[in-house]
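K.L.:
Under the numbering used here, read the sequence shown as residues 21 to 169, first letter to last.
I am attaching a structure below and will ask some questions about it afterwards.
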Amino acid sequence: MPETYQYQGNPFIKEDLTHLCLCPCCGAPDCGEEYMLLTKSEGKQEAVLFGGGTFRGYLNYWFYEGIAPEEYNRLPEFVRQNNECTGWQDISAQCTEIDADDFLLTLESIKNCNRKEYLYDDFENYYYPVLKKFAEEAMEKGQKLYIDI
Numbered sequence: 021m022p023e024t025y026q027y028q029g030n031p032f033i034k035e036d037l038t039h040l041c042l043c044p045c046c047g048a049p050d051c052g053e054e055y056m057l058l059t060k061s062e063g064k065q066e067a068v069l070f071g072g073g074t075f076r077g078y079l080n081y082w083f084y085e086g087i088a089p090e091e092y093n094r095l096p097e098f099v100r101q102n103n104e105c106t107g108w109q110d111i112s113a114q115c116t117e118i119d120a121d122d123f124l125l126t127l128e129s130i131k132n133c134n135r136k137e138y139l140y141d142d143f144e145n146y147y148y149p150v151l152k153k154f155a156e157e158a159m160e161k162g163q164k165l166y167i168d169i
């Protein structure tokens, strides 16, 4: 069972991608829906801020009728939890531990999807390298990875 984490104070923001995020509905900056990828180690907290609506738009590529069960079951758990409103995407979720390897697999899946209309250049130019580096550094340091929505 993933643990939840109540962060104290303000984490050190390593990157803030919210200025890139446009609301998928109105086109304005992501309407204030911010997500935070977070780690903690030795009393230090580090985070990356990014737009939740924009990021969910990338995940929603797989949220459609007609996907074969075998294909769906091969999706990263992070994507399935988004589709099913469970785990990190549960309505009561706040700062939930996520599997760093699975998150990296999710980033690769988004980057390599074959329907580019779901992507913007911002994903490959900003989201992908920043989130990948953050998750890899957390893994190298033996830190847990959390997402706060």
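For every residue, glycine included, the Cβ atom is placed at its ideal position computed from N, Cα and C.
Just so it is clear, the structure is predicted and the values come from calculations on it, not from any experiment.
Using a Cβ-Cβ cut-off of 7 angstroms (strictly less than) and excluding sequence neighbours within five positions of residue 82, which residues of its own chain qualify?
P.N.:
95, 99, 103
K.L.:
Quick check on DSSP: helix, strand or coil for residue 40?
P.N.:
helix
K.L.:
Quick check on residue 53: does DSSP put it in helix, strand or coil?
P.N.:
In the three-state reduction of the DSSP assignment, residue 53 falls in the coil class, being assigned neither a helical nor a strand state.
K.L.:
I'd like the span of the beta strand (DSSP E) that includes residue 116, first residue to last.
P.N.:
For residue 116, the uninterrupted beta strand (DSSP E) segment begins and ends at 115 to 118.
K.L.:
Relative to the C-alpha of residue 120, which residue among 75, 167, 88 is closest?
P.N.:
167
K.L.:
Under the three-state reduction of DSSP, which class applies to residue 67: helix, strand or coil?
P.N.:
strand
K.L.:
Below 7 angstroms CB to CB, which residues in the same chain sit around residue 142 once its five sequence neighbours on both sides are set aside?
P.N.:
40
K.L.:
Along the chain, where does the beta strand (DSSP E) containing residue 166 start, and where does it finish?
P.N.:
165 to 168
K.L.:
Looking at the secondary structure, which residues open and close the alpha helix (DSSP H) in which residue 78 lies?
P.N.:
From DSSP, the alpha helix (DSSP H) with residue 78 extends over 72 to 79.
K.L.:
Tell me which same chain residues have a C-beta within less than 6 angstroms of the C-beta of residue 70, skipping the five on either side of it?
P.N.:
Excluding residues within five positions, the ones whose Cβ falls inside 6 angstroms are 37, 55.
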